[in-house]
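Count along the sequence shown starting at 1, add 455, and that's the number in the working numbering.
Glycine is no exception: its CB is placed at the ideal position from the N, C-alpha and C atoms.
Small disclaimer: the values here were computed from a predicted structure and weren't measured.
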Amino acid sequence: MKVTAERIDNHKTVLNFEIPQTEVSKAMEKAYRKLANQVNIPGFRKGKAPRKVVEMRIGKEALLDEAFEILAPEVYTKALEEQEITPVGRPEIEVVTLAEDQPLVFKATVIKMPEVTLGQYKELAVEKTAAEITDADVDAELEKNRNRNAKMIVAEGAELKQGDLAIIDFKGFIDGIPFEGGEGKSYPLEIGSGSFIPGFEDQLIGAKSGEEREVTVSFPEDYFVAELAGKEAKFTVNIHDVKRKEVPELDDEFAKETSDFETLAELKADIKNKLEQAATAKAEREFRTAVLKAAVDNAQVDVPEIMIENQISNMIQDFDVNLQQRGMKLEKYLEYTKMDIAALRDNYRESALYNVKTDLVLEAIVKAEKFTATPEEMQQEVAFMAANYQTTVEEIVKVLRETNRFQDLQDSVLRKKAVEFVVENVAK
């Protein structure tokens, strides 16, 4: 076998193969035996038909293609090892000569895994933000609790104002004709919520229960219903009730009714403790993110375009799954946001590039520090995945085995070890 490597650029290499004719003949014989056992030929048991009969049945091209599939993977894998190339994705194959009486000549265009030049990743100067909670923070959380426990009561004779709840009937018209989706009965509308067309709620301010008002608004030019976009509409609005928020007093009774505590002081202490825990966790996440970003930014790596594109595709696939879980399809999302798939991919590009570079840098740190994944660490990762997906360890192992993803599991463990190493080794 003769193999030469031609470097096209930093990422692309063309491997040129020439396989002796004798090897092609052997592969053809193997191909015949394999295919003879797969086809039904009248008058012959499977695998017993002569080669000429099999060739007449399926065509010589089929035998040649099968012979290529027998030869190419083995010589390609060997060439990668000899050339010390780790490929990204599948190669692009170009067959030059494929005939039984000639050497097999073909080309494989390979995108190489990029080399990473690590910068500083130990003793990084990154400070952790102090998690401080003030009395004002506690008071703000208490105020949220008050509002969550507020009651909406009918305000007899009151005029609608910002924050009130109007119970309304409405019917909309465009050019005097009612339009689909423009009617509602006993609809609860919070004035100032911005949930209706801009200008609608403002025109109800000052109205009282029992009053009828005419509201004129224009749909935004980018309204998600194309037939209504930019159109002027008139609404007849009847106000049934004006409801106003009544918030409870902040006292011990409030603490008893809304929590497991007997006094307001105890409730405040608990709120402060929870806010401090949340702030500490947030500060830790931000610190870890900053440390990792510093290590990644310090490294040099020229990421191949195909890796970025593949990452974008994965991110969009995850986004699509998330949309479906919320009852929406990606096509509808693009329609509502007036975006095409190319624009969506472009939105993900920067994050995709950072994600790919991060993985490459972490893998380089794993090699530099000679990290290994122990069986215990692998088991812990499987348990973590089972808890995250709300399933059993046995089910995760089954999926990993069926999809041949144990290497991915090990890579995940090693990347996490690299992250912990970088975080634990910041400058003190």
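Review point. Which residue from Leu789, Ile566, Val565 and Val550 puts its Cα closest to that of Leu559?
Key: The residue given as residue 559 occupies position 104 in the sequence shown. Distances from the CA of Leu559 to each of Leu789, Ile566, Val565 and Val550 were compared; the closest alpha carbon is that of Val550.
Review point. In chain order, which alpha helix (DSSP H) runs of at least 4 residues are fully inside the region 541-565?
Key: Counting whole runs of 4 or more residues, the region 541-565 contains no alpha helix (DSSP H) stretch at all.
Exercise for review: Return yes when the Cβ of Pro830 is within less than 8 Å of the Cβ of Pro569, no when it is not.
Suggested key: Numbered from 1 along the sequence shown, position 114 holds the residue referred to as residue 569. Numbered from 1 along the sequence shown, position 375 holds the residue referred to as residue 830. Contact flag unset, no.
Point to revise | N-terminal and C-terminal residue of the beta strand (DSSP E) that Asp696 is part of | key: As a first step, residue 696 must be located in the sequence shown, where it is residue number 241. The continuous beta strand (DSSP E) containing Asp696 extends over residues Glu687 to Glu701.
Practice item. Per DSSP, which residues does Glu645 bridge with? Please list them. Key: Position 190 of the sequence shown, counting from 1, holds the residue named residue 645. BP columns for Glu645 point to Leu620.
Review point. Smallest Cα separation from Glu818: which of Thr468, Val609, Leu747 and Lys711?
Key: Position 363 of the sequence shown, counting from 1, holds the residue named residue 818. Per the Cα distances, Leu747.
Practice item. For the beta strand (DSSP E) containing Ile474, list its first residue and its last residue. Key: Residue numbering aside, residue 474 sits at position 19 when the sequence shown is read from its first letter. Ile474 -> beta strand (DSSP E) spans Lys467 to Ile474.
**Study point:** Per-residue DSSP class, three states only, for Val758
**Key:** Counted from its first residue, the sequence shown places residue 758 at position 303. Val758 falls in the coil class under three-state DSSP.
Check your understanding: Do Val458 and Asn471 come within 8 Å of each other at the CB atom, strictly closer than that value?
Key -> Your numbering for residue 471 matches position 16 in the sequence shown. Your numbering for residue 458 matches position 3 in the sequence shown. Going by C-beta atoms, Asn471 is nearer than 8 Å to Val458.
**Study point:** Unbroken alpha helix (DSSP H) run spanning Ile525, endpoints
**Key:** Start at 1 with the first residue of the sequence shown, and residue 525 comes out as number 70. Where Ile525 is concerned, the enclosing alpha helix (DSSP H) stretches over Lys515 to Gln538.
Exercise for review: Determine the contact status of Ile694 and Glu666, defining contact as a CB-CB distance below 8 Å.
Suggested key: Sequence index remark: in the sequence shown, residue 694 carries index 239 (1-based). Sequence index remark: in the sequence shown, residue 666 carries index 211 (1-based). The Cβ atoms of Ile694 and Glu666 lie closer than 8 Å to each other.
Check your understanding: Buried or exposed: Val680, going by 16 or more other Cβ atoms within 10 Å of its Cβ?
Key -> Position 225 of the sequence shown, counted from the start, is the residue given in the question as residue 680. Exposed: under 16 other Cβ atoms inside 10 Å.
Check your understanding: On the three-state DSSP scale, how would you describe Phe628?
Key -> By one-based count along the sequence shown, residue 628 stands at place 173. Secondary structure at Phe628: strand, using DSSP grouped into helix, strand and coil.
Check your understanding: According to DSSP, is Ser673 helix, strand or coil?
Key -> Residue mapping note: residue 673 aligns to position 218 of the sequence shown, counting from 1. Look at Ser673 here: in three-state DSSP terms it is strand.
Review point. Between the beta-carbon of Ala797 and the beta-carbon of Ile767, is there less than 8 Å?
Key: As a first step, residue 797 is located in the sequence shown; it is residue number 342 there, counting from the start. As a first step, residue 767 is located in the sequence shown; it is residue number 312 there, counting from the start. Cβ distance not < 8 Å, so Ala797 and Ile767 don't count as in contact.
Practice item. Rank Leu620, Pro633 and Ile632 by C-alpha distance to the C-alpha of Ser650 and give the top, closest one. Key: As a position in the sequence shown, residue 650 is number 195, starting the count at 1. With distances taken between Cα atoms, Ser650 lies closest to Leu620.
Practice item. Excluding the 5 residues preceding and the 5 following Asn880 in the sequence, name in chain order all residues of the same chain whose CB lies nearer than 6 Å to its CB. Key: Position 425 of the sequence shown, counted from the start, is the residue given in the question as residue 880. When the five nearest sequence neighbours on each side are left out, the beta carbons in the same chain lying within less than 6 Å of the beta carbon of Asn880 are those of Lys577, in order along the chain.
Exercise for review: Can you say whether Asp795 is buried or exposed, counting buried as having 16 or more other CB atoms within 10 angstroms of its CB?
Suggested key: Here residue 795 is taken as the residue at index 340 of the sequence shown, counted from 1. Under a 10 Å Cβ-count criterion, Asp795 is classified as exposed, with fewer than 16 other Cβ atoms of the shown protein chains found around its own Cβ.
**Study point:** Segment contact, 8 Å Cβ cut-off, at least three pairs: the region 591-602 with the region 718-734
**Key:** Taking one beta carbon from each stretch, the region 591-602 and the region 718-734 have 3 or more pairs nearer than 8 Å; the two touch.
Review point. Alpha carbon to alpha carbon, what distance is there between Arg512 and Met483?
Key: The residue you call residue 483 lines up with position 28 of the sequence shown. The residue you call residue 512 lines up with position 57 of the sequence shown. Their Cα atoms are separated by approximately 16 Å.
Point to revise | Straight-line Cα distance separating Glu510 from Glu536 | key: Within the sequence shown, numbered from 1, the residue matching residue 536 stands at position 81. Within the sequence shown, numbered from 1, the residue matching residue 510 stands at position 55. A direct Cα-to-Cα measurement between Glu536 and Glu510 gives close to 35 Å.
Exercise for review: Evaluate Lys853 with the Cβ neighbour count: other Cβ atoms within 10 Å of its Cβ, from every protein chain shown; 16 or more gives buried, anything less gives exposed.
Suggested key: Locating residue 853 in the sequence shown gives position 398, counting from the first residue. Taking all protein chains in view, the Cβ of Lys853 is surrounded by fewer than 16 other Cβ atoms within 10 Å, so the residue is classified as exposed.
**Study point:** Outcome for Ile761 when other beta-carbon atoms lying within 10 angstroms are tallied against a minimum of 16
**Key:** As a working note, residue 761 is residue 306 in the sequence shown. Label assigned to Ile761: exposed.
Exercise for review: Under the assumption that Leu518 contacts Leu490 (Cβ atoms under 8 Å), give the Cβ distance between them as a whole number of angstroms.
Suggested key: Stepping through the sequence shown from its first residue, residue 518 is reached at position 63. Stepping through the sequence shown from its first residue, residue 490 is reached at position 35. About 7 Å; that satisfies the 8 Å criterion.
Point to revise | Euclidean distance between Cα positions of Val821 and Phe876 | key: The count along the sequence shown starts at 1 and reaches residue 821 at position 366. The count along the sequence shown starts at 1 and reaches residue 876 at position 421. Between Val821 and Phe876, the C-alpha separation is close to 10 Å.
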